[in-house]
Amino acid sequence: MLERVLELLAPALAGPAPVVVDANLGLGGHSEALLAAHPALHLIGIDRDPFAIDFSTRRLAPYGERVTLVHASSDEMTSVLASAGHPVVDGVLFDLGVSSPQLDEGERGFAYSYDAPLDMRMDTEQSLTAEEVVNTYSAAELTRILRDYGEERFAPRVAGLIVKERAKEAITSTKRLAEIVRAAIPAATRRTGGNPAKRTFQALRIEVNAELTAFEAALPASLDALALGGRVVVLSYHSLEDRLTKQVLAARTRDTSPPGLPVPLPAHQPRFRLLTRGAELPTDEELARNPRAASARLRAAERIRVDED
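Have a look at this one:
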């Protein structure tokens, strides 16, 4: 949804020296488009994947000193912006989820379509892997992760079979895990809805990388960092991320004045306004170009008030 992202952020980046944050840098596609569209723009790119930082460093090299790239998690945004000398910014973009290289590089263990070690780390320098989660978490912990992060309605069955099978031999490959999940899902359910391992792999990826925990901290921090007229745009790819985005933005765009007052209290008036009605979906044209965009949901908001010192 590149064109829509550019359209939503453009009004906030019209000043003489705007600053924008790409909180999930990935391959730098959004960042490159933003830099090209706004010649005075300074971009701060954050990503926890060293490959993403290396790739985007090369891709964005033509923009020279207009680019600051930081190997960090998005929940470190406040400290990253302070270190970069830009505690207040004009725009923030979140493009959540897993990037195409992470899915396409089979050896990283994100995809059930490849036989690879159970890894799933976005930051390859961290210690926790999917293999450790699968082989050491209790049945109750696995059930919670599969239910909460994967929305897997057969979570107890899947967790139970994982625990049973790992007692025979440690589960170390994506292929074996996918086979175990498939065996745990009732046959009637397996015939619809795509690969039955999809929800389990999503849940494990979120747990390994603490994705929702990071986003829960990063989104409010990004709103706090926005200048008057600044905008945030969030691209999410599953209902958990979209629900969290909706809740945070709704809280910031609500008038909290006590009911029945003749005049709204300034201290209780919203600091932000929504720029999207509900979650916007990709167009048919975009889906034809990029089928992976099918699950994308876009929400955006603008800062309309700042607190008085």
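If you read the sequence shown in this note's numbering, its first letter stands for residue -15, the second for the next number, and so on. All residues carry an ideal CB built from backbone N, CA and C; glycine is no exception. Here the structure is a predicted model, which means the values were calculated and not measured.
Where does F138 fall in DSSP's three states?
By one-based count along the sequence shown, residue 138 stands at place 154. If DSSP states are grouped into helix, strand and coil, F138 belongs with coil.
Looking only at its own chain, which residues have a Cβ that is under 6 Å from the Cβ of V51, when we skip the five neighbours before and after it?
Working through the sequence shown from its first residue, we reach residue 51 at position 67. Only L27 and L44 meet the Cβ criterion.
Below 8 Å on the Cβ atoms is my guess for L188 versus I164; work out the distance and round it to an integer in Å.
Counting from one through the sequence shown, the residue named residue 188 turns up at place 204. Counting from one through the sequence shown, the residue named residue 164 turns up at place 180. Not confirmed; about 12 Å, so no contact.
For the stretch 199 to 206 against the stretch 219 to 232, do three or more pairs of beta-carbon atoms, one drawn from each stretch, fall closer than 8 Å, so that the two count as touching?
yes
Note down, one range per segment and in chain order, each alpha helix (DSSP H) of at least 4 residues found wholly within the stretch 15 to 48.
Counting whole runs of 4 or more residues, the stretch 15 to 48 contains the alpha helix (DSSP H) stretches 34 to 43.
Say whether the stretch 124 to 141 touches the stretch 155 to 172, bearing in mind that this needs 3 or more beta-carbon pairs closer than 8 Å, one atom from each stretch.
yes
Under the three-state reduction of DSSP, which class applies to L245: helix, strand or coil?
Against the sequence shown, residue 245 aligns to sequence position 261. DSSP places L245 in coil when its eight states are reduced to three.
In whole angstroms, what is the alpha-carbon distance linking G213 and A1?
Here residue 213 is taken as the residue at index 229 of the sequence shown, counted from 1. Here residue 1 is taken as the residue at index 17 of the sequence shown, counted from 1. When rounded, the distance between both Cα atoms is 14 Å.
Pull up the distance between the alpha-carbon of I30 and that of R(-12), whole angstroms please.
Counting from 1 along the sequence shown, the entry for residue 30 is found at position 46. Counting from 1 along the sequence shown, the entry for residue -12 is found at position 4. Answer to the nearest angstrom: the Cα atoms are 21 Å apart.
Nearest to A143 by alpha carbon, out of D268, R131, P(-5) and L77?
Residue numbering aside, residue 143 sits at position 159 when the sequence shown is read from its first letter. Residue R131 is the option with its Cα nearest to A143.
Distance, Cα to Cα, L258 vs A284?
Translated into positions along the sequence shown, residue 258 becomes position 274. Translated into positions along the sequence shown, residue 284 becomes position 300. Taking the straight line joining both Cα atoms gives about 6 Å.
How many whole angstroms separate the CB atoms of L224 and Y133, which I take to be in contact at a CB cut-off of 8 Å?
Numbered from 1 along the sequence shown, position 240 holds the residue referred to as residue 224. Numbered from 1 along the sequence shown, position 149 holds the residue referred to as residue 133. Yes, they are in contact, since the Cβ atoms of L224 and Y133 sit about 7 Å apart, within 8 Å.
At which residues does the beta strand (DSSP E) containing E52 begin and terminate?
Along the sequence shown, read from residue 1 onward, the residue named residue 52 stands at position 68. Here residue 52 turns out to be Thr, not Glu, going by the sequence shown. Where T52 is concerned, the enclosing beta strand (DSSP E) stretches over V51 to H55.
Give the straight-line distance between the Cα atoms of V217 and H55, rounded to the nearest whole angstrom.
The count along the sequence shown starts at 1 and reaches residue 217 at position 233. The count along the sequence shown starts at 1 and reaches residue 55 at position 71. For V217 and H55, the distance between alpha carbons rounds to 21 Å.
Mind checking whether A59 and D107 have CB atoms under 8 Å apart?
One-based indexing of the sequence shown puts residue 59 at position 75. One-based indexing of the sequence shown puts residue 107 at position 123. Checking the sequence, you will find Asp at residue 59 rather than Ala. Going by C-beta atoms, D59 is not nearer than 8 Å to D107.
Should D239 and P254 be called a contact, given that it needs their Cβ atoms to be closer than 8 Å?
One-based indexing of the sequence shown puts residue 239 at position 255. One-based indexing of the sequence shown puts residue 254 at position 270. Yes; because the gap between Cβ atoms is below 8 Å, this pair is in contact.
What are the start and end residues of each continuous beta strand (DSSP E) run of 3 or more residues lying completely inside the stretch 244 to 283, in chain order?
Along the stretch 244 to 283, the beta strand (DSSP E) occurs as fully enclosed runs of 3 or more residues at 256 to 258, listed in sequence order.
Taking only the alpha-carbon atoms, compute the straight-line gap between R215 and A24 and give it to the nearest angstrom.
The count along the sequence shown starts at 1 and reaches residue 215 at position 231. The count along the sequence shown starts at 1 and reaches residue 24 at position 40. About 17 Å.
Please classify P46 as buried or exposed, where buried requires at least 16 other C-beta atoms within 10 Å of its C-beta.
Numbered from its first residue, the sequence shown carries residue 46 at position 62. Note on P46: under 16 other CB atoms within 10 angstroms of its CB, so exposed under the neighbour-count rule.
For F78, which beta-bridge partners are listed by DSSP?
The count along the sequence shown starts at 1 and reaches residue 78 at position 94. Partner(s): V218.
Alpha carbon to alpha carbon, how far is L77 from L(-7)?
Reading the sequence shown from its first residue, position 93 is the one you call residue 77. Reading the sequence shown from its first residue, position 9 is the one you call residue -7. When rounded, the distance between both Cα atoms is 9 Å.
Three-state secondary structure (DSSP) at A181?
Here residue 181 corresponds to residue number 197 of the sequence shown, with the count starting at 1. DSSP places A181 in coil when its eight states are reduced to three.
Using the Cα positions of I288 and A100, report the straight-line distance between them to the nearest angstrom.
The residue given as residue 288 occupies position 304 in the sequence shown. The residue given as residue 100 occupies position 116 in the sequence shown. I288 and A100: Cα-Cα distance of roughly 48 Å.
Pop quiz: N119 and A162 are said to be a contact at Cβ under 8 Å. What is the actual Cβ separation, rounded to whole angstroms?
For this step, residue 119 is matched to residue 135 along the sequence shown. For this step, residue 162 is matched to residue 178 along the sequence shown. Going by Cβ atoms, the distance from N119 to A162 rounds to 16 Å, so no, they are not a contact pair.
Can you round the beta-carbon distance between A263 and L245 to whole angstroms, since I take them to be within the 8 Å contact cut?
On the sequence shown, residue 263 is found 279 positions in, with the first residue counted as 1. On the sequence shown, residue 245 is found 261 positions in, with the first residue counted as 1. Not really, about 32 Å apart at Cβ, beyond 8 Å.
Give me whichever residues DSSP pairs with A151 in a beta bridge.
Position 167 of the sequence shown, counting from 1, holds the residue named residue 151. None; A151 has no bridge partner.
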